[in-house]
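A.B. asks: Protein sequences appear in the order of chains W and R. Read left to right, the first sequence gives residues 153 to 396 (my numbering). Read left to right, the second sequence gives residues 153 to 396 (my numbering).
Number of protein chains: 2
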Amino acid sequence: MKSRTRRLSPPTRVNGHAANRTLSQKNNHAPARVSLPPAPLSKNNHSDKHAEIFSAALKLFQAKGYHGASMQDLADAMGMQKASLYYYIRSKEELLVRVCERGTGAFTQELYEIVLSDLNAGEKLRRAMECHLVALCEQLDLFTVFLHEQKFLGDTHKKKLRGEGKRHAELLAIILQQGIASGEFRRVNVTVTTLAILGMCNWLYEWYSPDGAFEPRAIASMFSELVLNGLEVKRTKRKVKSKK
Amino acid sequence: MKSRTRRLSPPTRVNGHAANRTLSQKNNHAPARVSLPPAPLSKNNHSDKHAEIFSAALKLFQAKGYHGASMQDLADAMGMQKASLYYYIRSKEELLVRVCERGTGAFTQELYEIVLSDLNAGEKLRRAMECHLVALCEQLDLFTVFLHEQKFLGDTHKKKLRGEGKRHAELLAIILQQGIASGEFRRVNVTVTTLAILGMCNWLYEWYSPDGAFEPRAIASMFSELVLNGLEVKRTKRKVKSKK
Numbered sequence: 153m154k155s156r157t158r159r160l161s162p163p164t165r166v167n168g169h170a171a172n173r174t175l176s177q178k179n180n181h182a183p184a185r186v187s188l189p190p191a192p193l194s195k196n197n198h199s200d201k202h203a204e205i206f207s208a209a210l211k212l213f214q215a216k217g218y219h220g221a222s223m224q225d226l227a228d229a230m231g232m233q234k235a236s237l238y239y240y241i242r243s244k245e246e247l248l249v250r251v252c253e254r255g256t257g258a259f260t261q262e263l264y265e266i267v268l269s270d271l272n273a274g275e276k277l278r279r280a281m282e283c284h285l286v287a288l289c290e291q292l293d294l295f296t297v298f299l300h301e302q303k304f305l306g307d308t309h310k311k312k313l314r315g316e317g318k319r320h321a322e323l324l325a326i327i328l329q330q331g332i333a334s335g336e337f338r339r340v341n342v343t344v345t346t347l348a349i350l351g352m353c354n355w356l357y358e359w360y361s362p363d364g365a366f367e368p369r370a371i372a373s374m375f376s377e378l379v380l381n382g383l384e385v386k387r388t389k390r391k392v393k394s395k396k
Numbered sequence: 153m154k155s156r157t158r159r160l161s162p163p164t165r166v167n168g169h170a171a172n173r174t175l176s177q178k179n180n181h182a183p184a185r186v187s188l189p190p191a192p193l194s195k196n197n198h199s200d201k202h203a204e205i206f207s208a209a210l211k212l213f214q215a216k217g218y219h220g221a222s223m224q225d226l227a228d229a230m231g232m233q234k235a236s237l238y239y240y241i242r243s244k245e246e247l248l249v250r251v252c253e254r255g256t257g258a259f260t261q262e263l264y265e266i267v268l269s270d271l272n273a274g275e276k277l278r279r280a281m282e283c284h285l286v287a288l289c290e291q292l293d294l295f296t297v298f299l300h301e302q303k304f305l306g307d308t309h310k311k312k313l314r315g316e317g318k319r320h321a322e323l324l325a326i327i328l329q330q331g332i333a334s335g336e337f338r339r340v341n342v343t344v345t346t347l348a349i350l351g352m353c354n355w356l357y358e359w360y361s362p363d364g365a366f367e368p369r370a371i372a373s374m375f376s377e378l379v380l381n382g383l384e385v386k387r388t389k390r391k392v393k394s395k396k
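(1) Cβ of Phe304 (chain R) less than 8 Å from any chain W Cβ?
(2) Taking only the alpha-carbon atoms, compute the straight-line gap between Thr296 (chain W) and Gly335 (chain W) and give it to the nearest angstrom.
(3) Using three-state DSSP, classify Glu336 (chain R) as helix, strand or coil.
(4) Please report the straight-line C-alpha distance between Glu384 (chain W) and Ser199 (chain R), rounded to a whole angstrom.
(5) Helix or strand or just coil, what does DSSP make of Leu259 (chain R)?
(6) Kindly indicate if chain W contains any beta-carbon less than 8 Å away from that of Met281 (chain R).
(7) Check each residue of the stretch 340 to 356 of chain W: if its Cβ is closer than 9 Å to any Cβ of chain R, include it; give the result in chain order.
(8) In chain order, what residues of the stretch 308 to 320 of chain W put their CB closer than 7 Å to some CB of chain R?
(9) For the alpha helix (DSSP H) containing Arg278 (chain W), name the first residue and the last one.
(10) If we cut at 8 Å on Cβ distances, does Val251 (chain R) have a partner in chain W?
(11) Skipping 5 residues on each side, what residues in its chain have a beta carbon closer than 7 Å to that of Lys244 (chain W)?
(12) Flag Lys216 (chain R) as yes if its beta-carbon sits less than 8 Å from any beta-carbon of chain W, otherwise no.
(13) Using CA coordinates, which residue listed in W:Leu212, W:Gly217, W:Arg314 is at the minimum distance from Ala227 (chain W)?
(14) For the alpha helix (DSSP H) holding Trp355 (chain R), just list the boundary residues, first then last.
(15) Residues of chain W with CB closer than 7 Å to the CB of Asn381 (chain R), please, in chain order.
(16) With Phe304 (chain R) and Tyr240 (chain R) assumed to form a contact (beta carbons below 8 Å), what rounded beta-carbon distance in angstroms separates them?
(17) Let me check understanding here. Comparing Cα to Cα, which of R:Gln214, R:Val379, R:Glu377 lies closest to Asp293 (chain R)?
(18) Is the Cβ of Ala184 (chain W) closer than 8 Å to any Cβ of chain R?
(19) Beta-carbon within less than 7 Å of Ile327 (chain R)'s beta-carbon, same chain only, minus the 5 sequence neighbours each way: which residues are those?
(20) Does the distance from the CB of Glu313 (chain W) to the CB of Gln302 (chain W) come in under 8 Å?
(21) Give me whichever residues DSSP pairs with Glu384 (chain R) in a beta bridge.
(22) Taking the straight line between their C-alpha atoms, what separation do you get for Asn179 (chain W) and Glu322 (chain W)?
(23) Skipping 5 residues on each side, what residues in its chain have a beta carbon closer than 8 Å to that of Glu290 (chain W)?
(24) Among W:Arg250, W:Ala333, W:Ala221, which one has its Cα closest to the Cα of His202 (chain W)?
(25) Near Ile332 (chain W), what residues of its chain come up, given a Cβ to Cβ distance below 6 Å and the 5 sequence neighbours on each side ignored?
(26) My guess is that Leu271 (chain W) and Asn354 (chain W) are in contact by the Cβ rule of under 8 Å, so how many angstroms apart are they, rounded?
(27) Between Gly274 (chain R) and chain W, is the shortest Cβ-Cβ distance under 8 Å, so that the two count as touching?
(28) Can you find a C-beta in chain R that's less than 8 Å from the C-beta of Ser376 (chain W)?
(29) With DSSP run on the structure shown, which of helix, strand or coil describes Arg314 (chain R)?
(30) Would you mind working out which of W:Phe259, W:Cys252, W:Trp359 sits nearest Gly306 (chain W), comparing C-alpha positions?
(31) Using CA atoms only, rank isn't needed, just tell me which of R:Leu247, R:Glu282, R:Leu237, R:Leu347 is closest to Met374 (chain W).
(32) Taking just the CA atoms, how far does Phe366 (chain R) sit from Arg173 (chain W)?
(33) Can you say whether Gly364 (chain W) is buried or exposed, counting buried as having 16 or more other CB atoms within 10 angstroms of its CB?
(34) Using 8 Å for Cβ pairs, my map puts Met230 (chain R) next to Glu265 (chain R). What's the rounded Cβ distance?
(35) Determine whether the Cβ of His219 (chain R) lies closer than 8 Å to any Cβ atom of chain W.
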């Protein structure tokens, strides 16, 4: 394995869940340091009209992209005058911000509880991946827009979002560190392995169909089996050594 | 593992590399059927001016998204009149089509040669992942636009692109089938495992930075180690069985 340095540089792009600088920059092979990031934000409550606008915006952003969808398109979809739309929302960006906030907050609370539980690291990782994949599949429109369009947020919102993404990736990394510390997982690079897992899971928004062959939990089970086997300490080699 | 049916449904969205219907729909656990898909298209050659326009369009699409970038923006970036731009290209979509064609064709030829080689399946998969990740990292702008904006192609181009993506995913799936048939890999679901590997690799465009800590080959090595260990047949259990 060649690596220029152990330190990871700041990312060049926004990424809610996974970016170079989201993870602990040292001690990739060190024992678990369970200094948990702050608890996730609670979800916002919206009125019915807000919910309708949100839902219409999701569909539009998904079909045309954030830049391709205009406020006029949204007003048309809602059967409203554009001016009336501004009674409910200040700007198109406000809608994208809401999508991204819900996207980042959707399952961080569950992940938080998984990390704090008494389960072993393997079971924690299995549940974390299931929780991630089930949330993504159940709110496919939300995650499609969130994962696809977040890069178009303004700088202030990007910064806030990066903090939420960092929290999520750190929780996953903590599980990996716990598993390495307890001897359940082999000594992998935590940063790169976290990004590998997030990639497998997030990419689902590109191919998953609710009408497809596999239920979210079945996909989660196959994915986590691949990762957990991939992280397994090679017991056979250990036994050979102990016989010497 | 719960699965509704063995058949995979058509995807609801475009995806150059990975979509439900890109892979063999039957025999996920069957021995390798090395009926190779047709050879990939050769790359187009462009004049210097075409190359400059292509490069400027890549930057624009990356910064503003396909819908957010106008032909006027492109003309401004090139220091040309918009009318002059149309001497070189017919439409904005033509540029996106070229990006996607280069994206799909970038390493399919190499993957084709890997599949045809005499290497064992593990080494084929290791090289296939390296080839994928190195191509992506070395042409990050191209892949960022390709993976991010391809969904906005018109239907005709989407259809053609889907064929290219199918070819790529099928080649990876063939390596997995060969490994299962030879007993190198455990009996995983080939479709889901192919999508897991593609997700890990493609997601790099969201977080990789050329100034970051790890070189593409180092990342490829860690990723393929995770997958190859994940696919390993559990020898220990076999030994236990043979003693009974």
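A virtual CB, placed ideally from N, CA and C, is assigned to each residue, including glycine.
C.D. replies: Quick look at the numbers:
(1) yes
(2) 37 Å
(3) coil
(4) 52 Å
(5) According to the sequence as given, residue 259 (chain R) is Phe; it is not Leu. Here Phe259 (chain R) sits in coil by DSSP.
(6) no
(7) Val340, Asn341, Thr343, Val344, Thr345, Leu347, Ala348, Ile349, Leu350, Gly351, Met352, Cys353, Asn354, Trp355, Leu356
(8) none
(9) 273 to 290
(10) no
(11) Met223
(12) yes
(13) W:Leu212
(14) Where Trp355 (chain R) is concerned, there is no enclosing alpha helix (DSSP H), given that its DSSP letter is neither H nor E.
(15) Asn381, Gly382, Glu384
(16) Not a contact, Cβ separation roughly 21 Å.
(17) R:Gln214
(18) At Ala184 (chain W) the pLDDT is 43, less than 50, meaning the model places this residue with poor confidence and gives no usable figure here.
(19) Val267, Ala273, Lys276, Leu277, Ala280
(20) Inspection of the sequence shows that residue 313 (chain W) is occupied by Leu rather than by Glu. Their beta carbons are under 8 Å apart, which means Leu313 (chain W) touches Gln302 (chain W) by this criterion.
(21) R:Phe337
(22) For Asn179 (chain W), the predicted structure reports a pLDDT of 39, less than 50, and the residue's modelled location is therefore unreliable. The matter cannot be settled from this model.
(23) Pro368
(24) W:Arg250
(25) Arg339
(26) Wrong, their Cβ atoms sit about 23 Å apart, outside the cutoff.
(27) no
(28) no
(29) helix
(30) W:Cys252
(31) R:Leu347
(32) Annotation note: pLDDT 34 at Arg173 (chain W) (below 50); position unreliable, no value reported.
(33) buried
(34) That belief does not hold up - the Cβ atoms of Met230 (chain R) and Glu265 (chain R) are roughly 37 Å apart, past 8 Å.
(35) yes
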